[in-house]
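Since the structure comes first, as structure tokens, the remarks are kept for the end.
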Amino acid sequence: MPDFAEPIARLIDQFKRLPGIGQKTAQRLAFHLLRAGPEEAIALADSIRDAKLKIRECSVCNNITDADPCLYCASATRNRTVICVVEEPHNIIAIERTRQYNGLYHVLGGALSPLEGVGPDQLKLRGLIERLKTGPVQEIIIATNPTAEGEATAVYVSKLIKPLGVRVTRIGVGIPVGSDLEYADEITMLKAMEGRRDL
Amino acid sequence: MRGSLRCDNYIHLRFAARVRWVLTVGAPTTSMPVRESEALILRSFPLGEADRLVSFLSRSEGRMRGVASGARRTKSRFGSTLEPFSYVRMWFYERQTRELVRINQCELIESFLEAQRDYAVSLAFALVSEVTEAVLGEHEVAEPNFRLLLVIARAIKAGAKLPLPLAYFAFWIVRLGGWMPALDRCSRCGADVHNARASMARSGLFCPNCTLPGQRTISQEALQLARRMASEKLERLMKANFATAAIDDVKDHMLNLVEQHIEKKLQTRKMTADEPGQLK
């Protein structure tokens, strides 16, 4: 005899497929939806379906969007001479929160990671090269993560772009604001020293 | 009624005995002593909201996996210590019922992060990491493998051309695994193969008479290099000049042996083959 009625068991199974959700959490979520009004459950189902059906990749920058091109690529007010290269679409949100950057973006869809089977062919580099050849781009800011994979990707991309005569810069790496130098490890401190600037 | 009283008395006596035992012996603890060991980080994956699942080779405990809480946060106390091939002093504890250890703290001893900025070098490190993970079981103490990884990483960091350290690594990983055939005689008939055209397979080295169809030959230069690898340090071999074909031959045959023993193809090996630059 099954522990739960078939529809609930199926719902729990679906929740369990989501990252970070185990059996107990899946049960809690399923029972929360059962207790909630039907409109709440239907609204959730609708938003999942809409997100899945309407969201796609921007044909220019590979950002996720509901309109192609995305709002950054379509905007007339953004600076078209600068492109910031990021690993994933959610990295754009972190940069947009600064409200200082007004250029365009290019999403690579990951970083070079041989152990994960991600090589240069798996990254969306061809579109970036096309944009550099055809557009008024003067500078590329590489904003990949400051990890081994991110650094390798940054160096690879810069080697690819420099022959095109475009300025290539890397975001600063070092001590985070609000932390204490005492707790910085050697590599973080070294990067901070390398990236020092005139005052 | 009498039964109930007897039951209450029994529980009372049991409880009193337990209290006496705790007072005299001490509370039953599930203590988790923090262990300290030198370790090399093999790879790490994002886990949950901001954690990392880290695979590492401990000098004293062997290959292990652990969780570093909050390691992906900007102000993480782990900093760059969990990057691939970081040589660290690590403090961790494990619970008997859990497969993963919990990583408390890491102190950087030596970093190989700068060397990995080059894609070809990062591919080489990835190959070393994948092979190590594949051949070593968890909690299997492997101090010689630990020293081998350090030697290889330091040679690459010092700027050595990649093929020789990789071939040396592949040779010694096979030797430490106990899969190395005799390099001077035929495995079937015992004939001397010092000056003969030999072939190598999982079951050993074969002279021309015993070679079966389809077995891949190994050059005499490659065999000589392999014999030298068995007795000489990498830094000494790097000063000598070896033909690229011989180095590639040793590496390919050794990686073939590794793949035959782990019964799967190495993912990074194919990627290194596709990389036309420094890896060939």
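Line order of the protein sequences matches chains A and B. For what it's worth, my numbering labels the leading residue of the first sequence as 1, then goes sequentially. For what it's worth, my numbering labels the leading residue of the second sequence as 1001, then goes sequentially. In this text, a Cβ means the ideal position worked out from N, Cα and C, and glycines have one as well. From a predicted model like this one, the values you see are computed outputs, not experimental measurements.
About 5 angstroms separates the CB atoms of Ser1219 of chain B and Asp1249 of chain B; that is less than 8 angstroms, so the two are in contact.
Here Ile141 of chain A has Cys84 and Thr169 as same chain residues with Cβ atoms under 6 angstroms from its own Cβ, once five neighbours each way along the sequence are excluded. Cβ neighbours of Thr1244 of chain B within its own chain (closer than 7 angstroms, five residues either side excluded): Pro1163. When DSSP states are grouped into helix, strand and coil, Asn1209 of chain B belongs to the coil group. What Tyr183 of chain A touches in chain B, judged by beta-carbon distance under 7 angstroms, is Arg1077, going in chain order. With respect to chain B, the C-beta atom of Ser113 of chain A has a partner C-beta closer than 9 angstroms. Taking the beta carbon of Val155 of chain A as reference, the chain B residues within 9 angstroms of it are Arg1117, Asp1118 and Tyr1119, listed in sequence order. By DSSP's assignment, Met1254 of chain B forms no beta bridge with any residue. Note that the segment 51-69 of chain A touches the segment 104-120 of chain A; at least 3 beta-carbon pairs, one per stretch, sit closer than 8 angstroms. Taking each of B:Ala1071, B:Gly1177 and B:Glu1107 in turn and checking the Cα distance to Leu1136 of chain B, the smallest one comes out for B:Gly1177.
Listed in chain order, the non-local C-beta contacts of Leu1266 of chain B below 8 angstroms within the same chain comprise Leu1127, Glu1130, Val1131, Ala1134, Leu1255, Val1258 and Glu1259, local neighbours out to five positions each way being set aside. Here Glu1083 of chain B is buried. Its C-beta has 16 or more other C-beta atoms within 10 Å.
At a cut-off of 9 angstroms between C-beta atoms, Ile142 of chain A does not count as an interface residue with respect to chain B.
For Ser1086 of chain B against Ile1156 of chain B, the beta-carbon gap comes to about 14 angstroms, at or over 8 angstroms, which does not count as contact.
For Ser47 of chain A, there is no enclosing beta strand (DSSP E); the enclosing alpha helix (DSSP H) covers residues Pro38 to Lys54. For Glu151 of chain A, the closest of B:Val1141, B:Tyr1119, B:Trp1172 and B:Ala1142 by C-alpha to C-alpha distance is B:Tyr1119.
With respect to Glu1138 of chain B, Arg1063 of chain B sits close: the two C-beta atoms are nearer than 9 angstroms. Taking 9 angstroms as the CB threshold, Gly195 of chain A stays off the interface with chain B. For Pro1144 of chain B, the nearest beta carbon of chain A is not closer than 9 angstroms to its own beta carbon. For Thr1074 of chain B, the closest Cβ of chain A is nearer than 9 angstroms. Along the segment 1080-1102 of chain B, the positions whose C-beta sits under 7 angstroms from a C-beta of chain A are Ser1080, Thr1081, Glu1083 and Pro1084, read in chain order.
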